[in-house]
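Novice:
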Amino acid sequence: LFFAAIASAFGYLQIEEVQREQEAVSRDVEYTQQRLRLRLLERQEQLMRIARELSNRELGADNFHNRAEGILNQYPELQALTWVDDRKRIKASFGAANLPTNQLRSVGSTLPNGETESAYRLAKETQQPVYTQNAAAPGTQAMLQLHIPLSDRARVSGVLLAEYSVDAVYRYGVPSDVSARYAVSFHAADGTLLAGTPLHLRDRSTRWLPWPSNSQAHELPISPVGNGLLIRGQAYRTSLGLIGSGLFWLVSVLSIMTAWMLIANWRHTRQRMQAQQALVSETNFRRAMENSMLTGMRAMDMQGRITYVNVAFCQMTGWGESDLVGRTAPFPYWPEEDHDTLAYRLAEELAGKTRPGGIQVRVKRRDGGLFHARLYVAPLIDARNIQTGWMTSMTDITEPNRVREQLSASHERFTTVLEALDASISVAPLGSDELLFANKLYRLWFGTLAGGHLQMVAEAGVPITQTTDEALDDVDGFAGMPTTLLPDNEAESAEIYLDALKMWLEVRTRYLSWVDGRLAQMVIATDITARRLAEEQSAMQTERAQNVSRLITMGEMASSVAHELNQPLTA
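Under this note's numbering, the first residue of the sequence shown is numbered 130, with each subsequent residue one higher.
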């Protein structure tokens, strides 16, 4: 059984290694094939653009050499570009400088019979680009030909023949990192080597022998050429097989592991005793910490049965741990009048509908007293990340509720007094359009914006601070000057007339420090329209009385003058 296990382990490791190498070779060869495909398609698009220009007669034989020279310089794997008419006669041709003279095509000659002529005829019939791989003659290099038909209004007027050097395609198309790891080569459909240097393949029957086996290989056709051009990748063998040296290392490792296990067993026993002592200490520490907490803690299982309560919870409710553990709803600390409400909330908690802010409930002590508490419920997760129940924390909030109620009542009284005043009161910070406070009368006159506040300050002649960017940040606009130096205890008053309201207002302003520490300005506006009208009527009545008194005085003077004149006349 032992040797069978060793042999199985060796075989499994060898199979895994072979599969891993084969997958790596296949992945890299497929990646190289995709790179070559994209490279050929890119060149094909450029050539098809020239073919369209030739078909539309936008490019003549004179300019063909310039375009061909430019594209051959741009793509080094292209060796020749030939324009063939519909009678297989060569109208123009241009070859690379390194192309042998016996492979150049002369203008006016016709295409020879063979694979080139067959591909030419197939391209004209299908009106689609056709790739063909010609067999290399002695003293010539292998060429990959691309025939692109020149379509002129549903009629083929010839073919643009592009010839690639297979060796250049291999040199420029295969990534350098792939060629560094594998022996990559190009082959024809019959297995003829076209480019690259392949490794020698061993017979498949000797692949699983314990000595170094042959390298893994993978072969794919190069698209869009098809099966006429194949790419083959073979992995280099850099080390001995695993089985050749694995037995020695396995026996050594087993011997070391046996000695190590004896020592580790002894150390494990010691560590287990130390861990047990540490666990007891940690448990005692956690128990002391739970008993020292002021917040009540309660644990329930998934059915709502109490499984744990700490000392603070027992002290709050007055019930002992033995009285609460194991109990189900209704619990003894529930008030009788709240049973239905608390049972509904407990059902929601067990269903997972917990509230992040907690819930406020009334709790009954054992002596019958009631107090307000806030409960926070969270899932109880064990060490295996499985929920085993619900954990509840309870805090006595009787005193905070009393303080909050007093503050709320005080604020309500203060707000009621301000809203009942017959004067408009508004507060705004200096240098800002924000309105900090406005009573009911201000909102009735000016709305909820600070425009009325600023208008009253401006018309009353009180200097206001221009709105700047300092209102948007925490920059001290007073350069450190204490706000206590400002006249916040003396109010300035003025009487203004607002056309929008058609009334006279008495405006009083003063500075104060707002609750957030900002310096603010309070404006109190009182309607004095009736008083101003009464003053105007009193002034008018006084003026009439003065006019009547003057008239009476003038009448008396006229009577005296007439009497004085009558005395000489009478004499």
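A virtual CB, placed ideally from N, CA and C, is assigned to each residue, including glycine.
Skipping 5 residues on each side, what residues in its chain have a beta carbon closer than 6 Å to that of S235?
Specialist: none
Novice: Which word fits R399, buried or exposed, when buried means at least 16 other C-beta atoms lie within 10 angstroms of its C-beta?
Specialist: Flag for R399 reads exposed.
Novice: What does a CB cutoff of less than 6 Å around G362 pick up in its chain, not counting 5 residues either side in sequence?
Specialist: V154, V158, Y311, V313, H347
Novice: Between which two residues does the beta strand (DSSP E) carrying A209 extend?
Specialist: 207 to 214
Novice: Just reading off the alpha helix (DSSP H) that A700 is part of, what are its end residues?
Specialist: From DSSP, A700 is part of no alpha helix (DSSP H); its letter is neither H nor E.
Novice: Quick check for students: name the residue ranges of the alpha helix (DSSP H) that lie wholly in the stretch 488 to 576, counting only runs of 4 or more.
Specialist: 527 to 549, 569 to 575
Novice: When burial is assigned at 16 or more other CB atoms within 10 Å of the CB, is R172 buried or exposed?
Specialist: buried
Novice: I'd like to check one pair, E244 with T261: are the Cβ atoms closer than 7 Å?
Specialist: yes
Novice: Starting from the N-terminal side, write out each stretch of the beta strand (DSSP E) that is 3 residues or longer and does not extend beyond the stretch 428 to 458.
Specialist: 435 to 438
Novice: Inspect the CB distances between the stretch 530 to 542 and the stretch 439 to 457 and report whether three or more fall short of 8 Å.
Specialist: no
Novice: With 16 as the cutoff for other CB atoms within 10 Å, does K482 come out buried or exposed?
Specialist: exposed
Novice: Under 8 Å: do the stretch 421 to 436 and the stretch 452 to 467 share three or more Cβ pairs, one atom per stretch?
Specialist: Contact annotation: the stretch 421 to 436 touches the stretch 452 to 467, with at least three C-beta pairs closer than 8 Å.
Novice: Can you tell me whether T211 is buried or exposed? The criterion is at least 16 other CB atoms within 10 Å of its CB, across all chains shown.
Specialist: Classification for T211: buried.
Novice: Can you name the start and end residues of the alpha helix (DSSP H) that I200 belongs to?
Specialist: 190 to 203
Novice: Provide the residue span of the alpha helix (DSSP H) that contains Q345, from first to last.
Specialist: Counting along the chain, Q345 falls outside any alpha helix (DSSP H), and DSSP gives it neither H nor E.
Novice: Where in the stretch 245 to 320 do unbroken runs of the beta strand (DSSP E), each at least 3 residues long, occur, reported from the N-terminal end onward?
Specialist: Runs of beta strand (DSSP E) with 3 or more residues, each lying fully within the stretch 245 to 320, are found at 259 to 262, 272 to 280, 285 to 294, 311 to 317, listed in chain order.
Novice: Assuming G355 is part of the beta strand (DSSP E), what are its boundary residues?
Specialist: 355 to 364
Novice: Do you know whose CA, among R300, V307, A309, lies nearest A324's CA?
Specialist: Among R300, V307, A309, the Cα nearest to that of A324 is on R300.
Novice: Is it buried or exposed for L240, if we count other Cβ within 10 angstroms and need 16 for buried?
Specialist: Buried is the call here.
Novice: Report back the beta-carbon spacing between R166 and S352 to the nearest angstrom; my notes put them in contact at under 8 Å.
Specialist: 5 Å
Novice: Assign E685 to one of three DSSP states: helix, strand, or coil.
Specialist: helix
Novice: Between which two residues does the beta strand (DSSP E) harbouring G224 extend?
Specialist: Taken as a continuous stretch (DSSP letters only), the beta strand (DSSP E) holding G224 covers 219 to 224.
Novice: Let me check understanding here. Comparing Cα to Cα, which of G518, H468, H501, R495 lies closest to L479?
Specialist: G518
Novice: If we ignore side chains and look at the alpha-carbon of each, how far apart do L228 and Q208 end up?
Specialist: 6 Å
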